[in-house]
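Asks: Here's a structure for you.
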Amino acid sequence: MGKYPVISISLKGADAANYDEAYRLMVQIINDEAECFQFLLDSEKLTKIDKMRYETLIDMEMQPAVLAMSLKKLTTLLEKHYGQKVVVLIDEYDVPLAKAYENNFMIKWFFYFVIYLAMY
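So for the sequence shown, the working numbering puts the first residue at 8; every next one is plus one.
Here it is in structure tokens:
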């Protein structure tokens, strides 16, 4: 145990009634997980640009393009710091899609969500 760094997120809390609320919840989920790795700001293995990229992951005003690539960015930074692959665990990944379907913003959310997961 403890051989690989792990990113673990649950999307259970992303049960929004509309797209804007779903977006804000996803930003919060990524912010919370990224904050667990604040030591990256002191890493000697990361460049100044890498550290600036990390800071975009803890920004509450995260832009859509950053959110779409957030897991990829965090994984890349952790791989660079540790020098090995990272395990990504995503629990309750169906919740945002089910809520989007129930609340009639499925098309907009689905394409965003697919890009979010596919870019990883």
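No residue lacks a Cβ here, since even glycine has one placed at the ideal position from N, Cα and C. In this text, all values refer to a predicted model and were calculated from it rather than measured experimentally.
For the beta strand (DSSP E) that Val1 lies in, which residues bound it at each end?
Replies: Residue coverage of the chain in this structure runs from 8 to 127, which leaves residue 1 outside it and unanswerable.
Asks: Among the candidates Asn111, Val95, Thr63 and Leu64, whose CA atom is the shortest distance from the CA of Ser17?
Replies: Closest option to Ser17, Cα to Cα, is Val95.
Asks: Which residues share a DSSP beta bridge with Ile14?
Replies: Paired residues: Val95.
Asks: Using 8 Å as the threshold, is the C-beta distance between Ile46 and Leu85 below it?
Replies: Note on residue identity: the sequence assigns Phe, not Ile, to residue 46. In this structure, Leu85 does not lie closer than 8 Å to Phe46 by Cβ.
Asks: Tell me whether the beta-carbon of Asn25 lies closer than 8 Å to the beta-carbon of Ile65.
Replies: no
Asks: Where Arg60 and Lys106 are concerned, what is the direct C-alpha to C-alpha distance, given to the nearest angstrom?
Replies: 30 Å
Asks: Taking the alpha-carbon positions, what's the Ile97 to Ser15 distance?
Replies: 6 Å
Asks: Give the straight-line distance between the Cα atoms of Glu2 and Glu109, rounded to the nearest whole angstrom.
Replies: Missing from the structure shown is residue 2; the chain here goes from 8 to 127 and no further.
Asks: Between Leu74 and Gln91, what straight-line distance do the alpha-carbon atoms span, to the nearest angstrom?
Replies: 23 Å
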